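See structure below.
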Amino acid sequence: MSDLLNMLGLAQSAELLSLSPPGWGGNLLRGLLNSLQIAFGAFGMGLVIGLFGAYGKLYGGPILRDLLAVYTTVIRAVPELVLILILYYLGSDLINKVSEAMGYGRVEISGVVAGIWVLGVVQGAYSIEVLRGAIQAVPPGQIEAARAFGMPPFMLMRRVTIPAMMSFATPGLANLWLIATKDTALLAIVGFSELTLETRQAAASTRAYFTFFLAAGALYLIVTLFSQVIFGRIERWARRGQPSLRGGTR
Amino acid sequence: MDSFSGGDLASASSGRDEEAVRIEDLHKSFGELEVLKGVNLTARKGDVVAIIGGSGSGKSTMLRCINFLETPTSGRIYVGGEHIAMREDGTPANRRQLERIRTRLGMVFQSFNLWTHRTLLENVIEVPVHVLKQSRAEAIEKAQSLLKRVGLGDKADVYPAYLSGGQQQRAAIARALAVDPDVMLFDEPTSALDPELVGEVLTVIRDLAAEGRTMLLVTHEMKFAREVADHVVYLYQGRIEEQGAPDQVFDAPKSERLQQFLMSIN
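Protein chains in written order, with numbering that gives the first Met the number 0: chain A, 0 to 249; chain B, 0 to 265.
Here it is as structure tokens:
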């Protein structure tokens, strides 16, 4: 193994990437774990915002609809990097103001929580539109049938609307998840040690920029490939009962 | 509980004179367009009422007002003698009351409206298990016998998209029967079907009529209406133009419009 690496001239890279110090592999993996944690939290928060927001946009009163329209428009109009800076500093400033007013002094805000909050707000705006479109694509007759049989609204959402819209929503949600995993890299700007920041630090300390950024790229790629498998399964499940467009197979 | 419950009474002869559905002075407008202009109709238990009329006569709208899929503009709806509370604007005033009443009305739609992400069996047990909170095992057993009854015993685990329209509509009838409805509402159940599939659905409905089920049936199948109905109602431009026993309505129509309507479809 080491002979092979030597022959290819990769022995040094392997050493740099080794999981135990002085290698930086462990740092990179810790960064990846942080990134995934944030992506997962933000995606989940986005889904919750998206579901309520989509229902609000479809069935809410005029004031709620206007508020949601402002939210989705503003969030989608401003570059994410700018939003992250605004939301991060605004959020921590607000929390500190409240905390000081209550006499607790300044508080340390956990990077993971801040990251989830900031990216969750961004994801929520996109989720609203994905889910709104999916809900509208559900044949109205299926919802009408549930109402005609006396299904209460919340049960109707859980038993009919959500399962029926899943097949329309999955491709869009898969996109959002992949965007979430990569948006975590933007959090490097506020000093959060996710994968990209860890990579930059490792690269700067060792001058092996190429090795480390290539390694980080590979890690992002692995996450994407793995996600595609998972979403493929979810989509197959969500499309149960719908004949394939290709025809033939059941 | 309510004054009567379940389908046992429906077929009992003693319940024959009890009213199942009463519509009083029903008006419905869609914006400027007034579709129903004051309809009165009573169906007693065990009655099969066929509602006929040209397109745009308001027959589907009338049926859909009974379970408030359309909210009436004004009027009163009674199901099993119970008035469905409504506000000034026609929206239901008591959601729980409406939901309870809806579970006693088995509706069959023109376009079947089966839940496509559920198999036929899952479609049939959905309301009994989740809305009526019946035990799953019992609901499954009953659903299987209902599916068998409509000739789909071997299709329980198939998704609706893989079935013909006639099969889907028969499954939809099984779904409506699964709640043991006091009244069945059929909204043009054969209008979306290929001609050769109409017969199989009508056979199932005919069977239900013979069983003494209370049914309100909006239909274009005049021969069928004449055969199964106790009472035929002809709607014209949002009003009941003529009604009566099938022989009288079809053989000796008094209204000129009904005469023209019957001529035009024959």
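Virtual Cβ for every residue (Gly too), placed ideally from N, Cα, C. Remember, predicted model here, so these are calculated numbers, not experimental data.
- Take the alpha-carbon of B/LEU120 and the one of B/ALA142: they are about 6 Å apart.
- Residues of chain B with a Cβ closer than 7 Å to the Cβ of A/GLN241 are, in chain order, THR115, ALA160.
- Among the residues of the segment 97-114 of chain B, those with a Cβ less than 7 Å away from any Cβ of chain A are GLU98, ARG99, ARG101, THR102, MET106, PHE108, SER110, ASN112, TRP114, in the order of the chain.
- Shown here for B/GLU187: same chain residues with a beta carbon closer than 7 Å to its own, the five before and five after excluded, namely SER59, GLN109, VAL217, THR218, HIS219 in chain order.
- Shown here for B/ASN122: same chain residues with a beta carbon closer than 6 Å to its own, the five before and five after excluded, namely LEU113, TRP114, ARG174 in chain order.
- Below 8 Å, enough C-beta pairs join the segment 15-22 of chain B and the segment 65-80 of chain B to call them touching: three or more.
- Taken atom to atom, the span from the alpha-carbon of A/GLY49 to that of B/VAL248 is near 55 Å.
- Chain-ordered, the chain B residues with CB closer than 7 Å to the CB of A/PRO162 read HIS116.
- In this structure A/SER126 does not touch A/LEU177 by the C-beta definition: roughly 14 Å separates them, more than the 8 Å allowed.
- Within the model, the alpha-carbon separation for B/ALA138 versus B/ILE124 is close to 6 Å.
- Think of a sphere of 9 Å around the beta carbon of B/GLU125: the chain A residues whose beta carbon falls inside it are ALA145, PHE148, MET150, ARG158, VAL159, in chain order.
- For B/ALA228, same chain residues with a beta-carbon under 6 Å away, outside a window of 5 residues either side, are VAL47, ALA49, PRO245 in chain order.
- Among the residues of chain B, those whose CB is under 7 Å from the CB of A/GLY140 are PHE108, SER110, ASN112, following chain order.
- Contact note: B/ASN66 reaches chain A through ALA147, using a C-beta cutoff of 7 Å and chain order.
- Proximity of the segment 141-159 of chain A to the segment 24-44 of chain A falls short of the contact definition, fewer than three beta-carbon pairs being nearer than 8 Å.
- Residue-level contact by beta carbon fails for B/HIS230 and chain A, as no gap is shorter than 8 Å.
- Interface with chain A (8 Å Cβ-Cβ cutoff): B/VAL20 is excluded.
- If you draw a straight line from the Cα of A/ARG131 to the Cα of A/ILE62, it comes to about 18 Å.
- Boundaries of the beta strand (DSSP E) harbouring B/VAL231: 230-235, taken from the DSSP string.
- In this structure, B/LEU145 sits away from B/LYS154, with a CB-CB distance that is not shorter than 8 Å.
- With at least 16 other beta carbons inside 10 angstroms of its own, A/TYR54 counts as buried.
- Close partners of B/VAL178 in chain A (Cβ separation under 7 Å): PHE148.
- DSSP, reduced to helix, strand and coil, places A/PHE148 outside both helices and strands of the structure shown, so it counts as coil.
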